[in-house]
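Data first, discussion second: the structure below is written as structure tokens.
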Amino acid sequence: MAPVALCQQGGDLIGAIANYTELSTFSQVLQANPSLNTAFPTDGEGITLLIPDNAAFEKLFNQTNQSVQAFNADLFLPVLRYHIMAAKLTSKNFTTPRGLTVPTLLTGDEYNNRSAGADLVNDYGSQAAEGQVLAVSKDPINPAKLRLRQSSAEGASLRGGLGLTASVSAVDGQWSLGYFQIIDVVLTLPGTCSSTVKTLKTSLSSLNSALNRTGLWPTVNHSKNLTCLAPNNDAFSDAGNPEQTLNSTDLTNAILFHTLHEVTYTNYLTDGQVLESASGESVQVQINGDDIYFNDAKVIGPNVLTNNGLIHVLDKVMSPLNASSTGSTTTTASGTSTATSSSTASTAATQSSSAAALTHGPVAAPGLVTLFLAMFMLL
Numbered sequence: 001m002a003p004v005a006l007c008q009q010g011g012d013l014i015g016a017i018a019n020y021t022e023l024s025t026f027s028q029v030l031q032a033n034p035s036l037n038t039a040f041p042t043d044g045e046g047i048t049l050l051i052p053d054n055a056a057f058e059k060l061f062n063q064t065n066q067s068v069q070a071f072n073a074d075l076f077l078p079v080l081r082y083h084i085m086a087a088k089l090t091s092k093n094f095t096t097p098r099g100l101t102v103p104t105l106l107t108g109d110e111y112n113n114r115s116a117g118a119d120l121v122n123d124y125g126s127q128a129a130e131g132q133v134l135a136v137s138k139d140p141i142n143p144a145k146l147r148l149r150q151s152s153a154e155g156a157s158l159r160g161g162l163g164l165t166a167s168v169s170a171v172d173g174q175w176s177l178g179y180f181q182i183i184d185v186v187l188t189l190p191g192t193c194s195s196t197v198k199t200l201k202t203s204l205s206s207l208n209s210a211l212n213r214t215g216l217w218p219t220v221n222h223s224k225n226l227t228c229l230a231p232n233n234d235a236f237s238d239a240g241n242p243e244q245t246l247n248s249t250d251l252t253n254a255i256l257f258h259t260l261h262e263v264t265y266t267n268y269l270t271d272g273q274v275l276e277s278a279s280g281e282s283v284q285v286q287i288n289g290d291d292i293y294f295n296d297a298k299v300i301g302p303n304v305l306t307n308n309g310l311i312h313v314l315d316k317v318m319s320p321l322n323a324s325s326t327g328s329t330t331t332t333a334s335g336t337s338t339a340t341s342s343s344t345a346s347t348a349a350t351q352s353s354s355a356a357a358l359t360h361g362p363v364a365a366p367g368l369v370t371l372f373l374a375m376f377m378l379l
């Protein structure tokens with residue numbers, strides 16, 4: 001089928017945005033690059049197009065040495081698809097108290113190495129739900145130190161790839177394919193977990209160090225449908241810097257304990273829900289008002305999207321479920337496992353078993369009791 005014409009009289013996009021002077025650069029880019037027309041659907045129940053304003057394009061041009069006259073449409077095509085939500089959304093939708101997870105038209109394993117899951121399929125249908133998502137929040141997404149751009153106190157915000165957050169000006173503009181809304185940045189495509197963590201290095205450099213020490217980055221990056229429960233740097237420090245003090249086996253198990261084999265968008269979580277970590281241990285969700293906890297760790301940076309799932313930033317290293325429920329901390333830090341040397345065979349076996357746990361599900365992880373004791377003593 002032929003792509004939707006953008007110059008249709010009456011309901012076309014160019015005509016619909018003509019009165020929005022802040023969208024003139026987008027209009028020029030679209031008209032100068034007809035190949036971008038292929039990003040738009042030819043059927044379906046309607047879409048919402050997120051249009052970056054002129055200031056957002058000016059920043060993009062400065063960063064990439066481009067202009068309207070010298071624009072790489074091929075590279076921008078997947079970016080444009082990530083700005084097309086597979087649902088017709090108005091300002092009322094953007095202010096939903098629990099927020100929204102909305103699929104886009106961006107597909108392909110490079111940016112979308114995840115499956116939709118039952119919740120997204122139920123809300124948007126099996127075909128629409130396959131696209132990579134955007135996380136929409138009524139209020140600016142916290143914490144501020146995780147956000148590469150501050151959002152205004154009014155309206156809605158949304159988070160795309162690499163932790164980038166945009167402010168949404170919900171104008172509820174209408175055109176032939178649905179609605180359009182205005183945003184203040186050009187969204188960044190989702191990257192690997194490692195590239196996302198490194199981008200947010202001011203908050204997650206300790207986690208990066210832990211994954212580097214264990215050699216787990218390649219497996220984490222290439223596994224589908226992962227949630228990384230990521231203690232921030234302060235949490236690692238408060239726990240005694242386990243990325244430095246735990247031996248390789250226990251540190252590996254700690255990472256597996258903080259990894260879930262499903263993508264857990266916050267608006268679909270329920271109070272009391274029990275999830276299984278890659279180490280085979282239970283992790284319980286607690287929802288208290290607007291606050292979400294995994295075991296005893298509070299989510300302070302929700303829905304940081306990656307190409308194979310997402311990251312929730314935590315304010316502390318999680319305790320095991322039985323420990324977090326009892327609150328008992330009788331062991332002193334002097335008993336913490338600090339051994340850093342092990343045989344090559346032991347290290348290889350640990351990496352092999354942890355890779356299997358991340359790729360195929362929980363396996364019997366070595367030293368799990370030691371891990372829990374070590375983490376428990378550090379909290």
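Numbering-wise (the UniProt record's numbering), the sequence shown opens with residue 1 and increments by one. We treat Cβ as the ideally placed atom computed from N, Cα and C, and that holds for glycine. The model shown is predicted, which means the values in this text are computed figures rather than measured ones.
Sequence-distant residues of the same chain with beta carbon closer than 7 angstroms to residue i, five excluded per side
i	result
THR340	Caution applies to THR340, whose pLDDT of 37 falls short of 50 and renders its modelled position unreliable; the value that the coordinates give is listed next. Once the five neighbours on either side are set aside, the close Cβ partners of THR340 are ASN247.
ASP271	VAL285, GLN286 and ILE287
ASN33	PHE71 and ALA73
ARG81	ALA39, THR104, LEU105 and LEU106
VAL168	PHE94, GLY155, ALA156, SER157, LEU158, GLN181 and ILE183
PHE61	SER67
SER152	Because SER152 sits at a pLDDT of 36, beneath the cut-off of 50, its placement in the model cannot be relied upon, and the point is left open.
THR350	Annotation note: pLDDT 49 at THR350 (below 50); position unreliable, no value reported.
Cβ separation of residue i and residue j, assumed to be a contact under 8 angstroms, to the nearest whole Å
i	j	result
ALA55	ASP184	7 angstroms
residue 384	CYS193	Because the chain spans 1 through 379 in this model, residue 384 falls outside it and cannot be assessed.
ALA135	ASN303	4 angstroms
LEU190	ASN307	In the sequence under discussion, the amino acid at residue 190 is Pro, which differs from the Leu named in the question. At roughly 4 angstroms, the Cβ-Cβ gap stays under 8 angstroms, so PRO190 and ASN307 are in contact.
ILE14	SER27	6 angstroms
LEU256	ALA239	Not really, about 16 angstroms apart at Cβ, beyond 8 angstroms.
ASN232	GLY99	Contact flag wrong, Cβ pair sits at about 21 angstroms.
LEU251	THR199	At roughly 23 angstroms, the Cβ-Cβ gap does not stay under 8 angstroms, so LEU251 and THR199 are not in contact.
LEU305	VAL186	Wrong, their Cβ atoms sit about 16 angstroms apart, outside the cutoff.
ARG114	GLY301	About 19 angstroms separates the two Cβ atoms, so there is no contact after all.
Limits of the alpha helix (DSSP H) - the one that residue i falls within
i	result
GLU276	Per DSSP, GLU276 belongs to no alpha helix (DSSP H); it is in the beta strand (DSSP E), 274-276.
ALA156	It is not in any alpha helix (DSSP H) - ALA156 instead sits in the beta strand (DSSP E) that spans 156-159.
GLN31	24-32
residue 389	Only positions 1 to 379 of the chain appear in this structure, which leaves residue 389 out of reach.
LEU134	Segment 133-137 is the beta strand (DSSP E) holding LEU134; no alpha helix (DSSP H) there.
ILE14	13-16
Under 8 angstroms between C-beta atoms of residue i and residue j
i	j	result
GLY173	ILE47	no
VAL171	ALA230	no
LEU120	THR96	no
HIS258	MET318	yes
GLY160	THR188	yes
ASN225	VAL274	no
GLU243	SER203	no
LEU49	HIS83	yes
Beta strand (DSSP E) segment containing residue i, residue limits
i	result
THR165	165-175
SER282	282-288
THR306	297-306
LEU120	Counting along the chain, LEU120 falls outside any beta strand (DSSP E), though it belongs to the alpha helix (DSSP H) covering 118-124.
LEU314	309-314
Beta-carbon proximity list for residue i, same chain, < 6 angstroms, skipping 5 on both sides
i	result
VAL299	ILE292 and HIS312
THR329	Annotation note: pLDDT 36 at THR329 (below 50); position unreliable, no value reported.
Cβ shell of residue i (< 8 angstroms), same chain only, five flanking positions each side left out
i	result
GLN69	ALA32
THR90	ALA170, ASP172 and TYR179
VAL4	Residue confidence is low: VAL4 scores 43 on pLDDT, short of 50, so the model does not pin down where it sits. No coordinate-derived value is stated.
Any chain D beta carbon closer than 8 angstroms to residue i
i	result
ALA18	Among the protein chains of the structure shown there is no chain D, as only one such chain exists.
Checklist entry - What are the uninterrupted segments assigned as alpha helix (DSSP H) that are 4 or more residues long and contained completely in the region 38-102, given in chain order? => result 54-64, 73-82 and 91-94
Item to check | Contained beta strand (DSSP E) runs [length at least 3] in the region 230-276, N- to C-terminal order | outcome: 274-276
Item to check | Completely contained alpha helix (DSSP H) runs for the region 189-228, where each covers 4 or more residues | outcome: 193-199, 201-214 and 217-222
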